[in-house]
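Working notes, beginning with the structure itself.
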Amino acid sequence: MLSKTAILVSCLALATSGFSVRPSSKNTVQDAHEQLTKKIRCWEPVEENIAGTEFSGKHTLSEPIYDLCSYMPDPKDYNKGYVNGVDMESDDYTNVLNLYQIVHKGHAMLNVCLQEAFQFHAAGRPSQTSIRCLCKRDGCNLPKGFTTFLDFNKLPMPETFF
């Protein structure tokens, strides 16, 4: 039979194991405000064979060199998404960046999602449409399904990645 001291120590260890003496972690708004002016890391695909057409399905975090990360759900399957860092020279992102600059206490922009249409074929043929989300936090463009991407961005970004 366990001694009273052993039981007391065990109960104390269990009771304190779920508590931290550190201050509570930052919330999503604080996280977004802290990362607003920093260069960020974005998830990018790792190609097994650059010359080939097969994608490995693997992703890695870039160096912290981007201002925005991109996430595009597959238009035919929202359980798939395409991710990359945004080359700021590829388009005019002035209006998108301005949305992130509107900083109010207790508010932060997490994602700006655009539905775009492209006319690749002759007039009279249907346009192709896509959704593109741009985010401005370290690792925010999680390469998962669309709803997982949105749910992931509700939280502060993890300080260490998986």
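Note that the sequence shown covers residues -18 to -1, 1 to 144 in mature numbering (1 follows the signal peptide of the UniProt record, and there is no 0). Glycine residues also receive a C-beta, built at the ideal position from the N, C-alpha and C atoms. Keep in mind it's a predicted model, so treat the numbers as computed, not measured.
Query	Result
Beta bridge counterpart(s) of K58 as assigned by DSSP	According to DSSP, K58 bridges with nothing at all.
According to DSSP, residues forming a beta bridge with I113	Q97
Through-space distance from R119 to H86, alpha-carbon basis	17 Å
Contacts around D135, its chain only, beta-carbon distance under 7 Å, and the 5 residues preceding and following it disregarded	The amino acid occupying residue 135 in the given sequence is Asn; Asp does not appear at that position. Here the set comprises L92, N93, C117, C122.
Simplified DSSP assignment, three categories, for E71	coil
Three-state secondary structure assigned by DSSP to V85	coil
Buried versus exposed call for F102 [16 or more other C-beta atoms within 10 Å across all chains shown]	exposed
Span separating the alpha-carbon of P108 from that of E141	44 Å
Close beta carbons around V28, own chain, < 7 Å, minus the five adjacent residues each side	S38, K40, H41, T42
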